[in-house]
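Chains as they are written, first to last, in numbering that gives the first Met the number 0: chain A, 0 to 199; chain B, 0 to 199.
Glycine residues also receive a C-beta, built at the ideal position from the N, C-alpha and C atoms.
Keep in mind the model is a prediction, meaning the values are calculated, not measured.
2 protein chains.
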Amino acid sequence: MKERILEEAGRLFATRGYAGTTVQAVADAVGLAKPSVIYWYPTKKALQDAVVDQVLLEWRQTLPRVLDAASSGADRLDNVLGEVVWFFSQAPDRARLLTRVVVDDPTELRDRLQGHLRPWLALLAAYVREGQQAGRVRADVDPEAWVIEVVILLISSFAAAEVAAGVLGGDPDSARERLVGELVRMIKRSLHPEPEGGTP
Amino acid sequence: MKERILEEAGRLFATRGYAGTTVQAVADAVGLAKPSVIYWYPTKKALQDAVVDQVLLEWRQTLPRVLDAASSGADRLDNVLGEVVWFFSQAPDRARLLTRVVVDDPTELRDRLQGHLRPWLALLAAYVREGQQAGRVRADVDPEAWVIEVVILLISSFAAAEVAAGVLGGDPDSARERLVGELVRMIKRSLHPEPEGGTP
DNA sequence: CCTACCGATCGGTAGG
DNA sequence: CCTACCGATCGGTAGG
């Protein structure tokens, strides 16, 4: 039952935000009375923490794939982006939830996110720098700033995917596809002028 | 007094969101009793609408500058980006507010935003396409998708600027500067491999 | 522009 | 896991 609650709460927090989600609404979505939700998660805050923790956990579980993608194939960046895109495409609520955490002000949650992000920032920035020394990556890239901007772009692009597809018009599915394609292209071209792999 | 209310409400809606902002909090910030706020803006919803309208109005007032920047100088894209960056740097709450409108779900607000965006999308995409025909812009760019992704990146980058600067570390001001610099570089390089202007 | 007040709903508790 | 209930606060109104 904890899982059902977590699932519905995740959906609601992602779409309506923390303040916009009532414990009663979560209870209704699951089909329980309000105190039953409070039985499993003692406060609304604890429920939100659990939801955010779950997204971070799911991300950690995706890590092996990403690291694998990062060390194989002709175009490693392309592979990594593919995994990240898959992670958010799978469940766009993840991106919406993370966007809220960043924008909703709670400094404590931000700090928790930063703790998760900082090691990644260092790792990825080192990769970029390495590429620069090898001449594969443009010299004018600011490695740390690039990584941060790419993370922002990835998360917010998926968080806004629905609206963006609406603005683009046409069939929603193909609109989403065009947007993801251009997103990936932009990120790659911002790092190096032409694909890594060269001619196959 | 309407102005004071609008100002404080804008600050609060941007930082805490619609559901997270109470009419009482707005009243306290201005130094009025709650019913006095309701006197000037008959409902909380009307107050939010006024706040969003104001941001859109300020953007329209910035338009002449942007259009001017778009038709002068060696690197027109650079000039336009400079104006947009200035618009959001001036008041980062604008970006945070727009992010919320997109993510907070109210379909009606989205539609209003889309109405504002659509003509721009067409105009900017046409510019990109024109550049492609002249060979100034890479052929693999998807003009409409590119414009949308750039708008998303610009808005969310400023909305997350504070957190991003925290992750980057060091002096907050110079961190912000690095991030904006890289943001602009990414956008430019995603369109054409080298600066438009050539050697001066 | 304020005081006084409204019904509804908030997060959470008591007790079983 | 539920019913019954708590004080606090919500958006908004009445009346001046």
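Same chain, Cβ closer than 7 Å to residue i, neighbours up to 5 away in sequence not counted
i	result
ALA124 of chain A	PRO142, GLU143 and VAL146
ALA164 of chain A	PRO171, ALA174, ARG175 and LEU178
ARG184 of chain A	none
THR98 of chain B	ILE154, SER155 and ALA158
ASP103 of chain B	GLY16 and TYR17
THR20 of chain A	LEU11 and PHE12
THR198 of chain B	In this predicted model, THR198 of chain B has a pLDDT of only 34, less than 50, meaning its place in the structure is not dependable enough to derive any value.
LEU55 of chain B	HIS115
Contacting residues, own chain, Cβ-Cβ under 6 Å from residue i (five flanking each side not counted)
i	result
VAL150 of chain A	none
PHE157 of chain A	PHE87, PRO91 and ALA94
ASP27 of chain A	none
ALA133 of chain A	none
VAL101 of chain B	none
ALA69 of chain B	ARG75 and VAL79
Cβ neighbours of residue i in the same chain (closer than 8 Å, five flanking residues each side left out)
i	result
ILE4 of chain A	VAL25, VAL29, LEU31, VAL36, TRP39, TYR40 and LEU46
VAL22 of chain B	LYS33, VAL36, ILE37, LYS43 and LEU46
ALA138 of chain A	GLN131
ARG64 of chain A	GLU82
ALA49 of chain B	LEU5, ALA8 and TYR40
SER71 of chain A	ASN78
VAL140 of chain A	VAL127, GLN131, SER189 and LEU190
LEU120 of chain A	GLU143, VAL146 and ILE147
Buried/exposed call for residue i, threshold 16 Cβ in 10 Å
i	result
GLU57 of chain B	exposed
ARG59 of chain A	exposed
SER155 of chain B	buried
GLU7 of chain A	buried
LEU246 of chain A	Nothing can be reported for residue 246 of chain A, as the shown portion of chain A is limited to 0 through 199.
GLU181 of chain A	buried
ASP52 of chain A	exposed
HIS115 of chain B	exposed
ALA73 of chain A	exposed
GLU107 of chain A	exposed
LEU153 of chain B	buried
MET0 of chain B	exposed
ARG188 of chain A	buried
ASP110 of chain A	exposed
ASP67 of chain A	exposed
GLU148 of chain A	buried
ALA160 of chain A	buried
Element boundaries [alpha helix (DSSP H), containing residue i]
i	result
VAL166 of chain A	160-167
TYR126 of chain B	106-132
VAL36 of chain A	33-39
ASP103 of chain B	Segment: none, ASP103 of chain B is in no alpha helix (DSSP H) and carries neither H nor E.
ALA49 of chain A	43-69
MET185 of chain B	171-190
GLU6 of chain B	1-15
VAL29 of chain A	22-29
ASP77 of chain B	75-89
Closer than 7 Å: residue i CB and nearest the ligand MN heavy atom
i	result
SER173 of chain B	This structure lacks the ligand MN; in fact it carries no ligand of any kind.
Requested in this report: Could you list the residues in the region 118-145 of chain A with a C-beta less than 7 Å from some C-beta on chain B, going in chain order?
Outcome: LEU120, ASP139, ASP141, GLU143, ALA144 and TRP145
Query raised in the report: Is the region 72-89 of chain A in contact with the region 109-129 of chain B, if contact means three or more CB pairs nearer than 8 Å?
Result: no
Requested in this report: Please list the residues of the region 98-109 of chain A that have a C-beta atom closer than 7 Å to any C-beta atom in chain B, keeping them in chain order.
Outcome: THR98, ARG99, VAL101, VAL102, ASP103, ASP104 and ARG109
Query - Touching by the beta-carbon criterion (3+ pairs, under 8 Å), the region 168-176 of chain B and the region 162-170 of chain A - result: no
Query raised in the report: Given a limit of 7 Å on CB to CB distance, which residues of the region 142-167 of chain B reach chain A?
Result: GLU143, ALA144, TRP145, ILE147, GLU148, ILE151, LEU152, SER155, SER156, ALA158, ALA159, VAL162, ALA163, GLY165, VAL166 and LEU167
Query raised in the report: Three or more beta-carbon pairs under 8 Å between the region 8-23 of chain A and the region 85-95 of chain A, yes or no?
Result: yes
Report task. Please name the residues in the region 181-193 of chain B whose beta-carbon is closer than 7 Å to at least one beta-carbon of chain A, in chain order. Result -> GLU181, LEU182, ARG184, MET185, ARG188, SER189 and PRO192
Requested in this report: Closer than 8 Å, Cβ to Cβ, to anything on chain A: give me those residues from the region 58-86 of chain B, in chain order.
Outcome: none
Query - Under 7 Å (Cβ pairs) to chain B, residues found in the region 9-31 of chain A - result: THR14, ARG15, GLY16, ALA18 and GLY19
**Report entry** Members of the region 44-57 of chain A that neighbour chain B once the beta carbon cut-off is set at 7 Å
**Finding:** none
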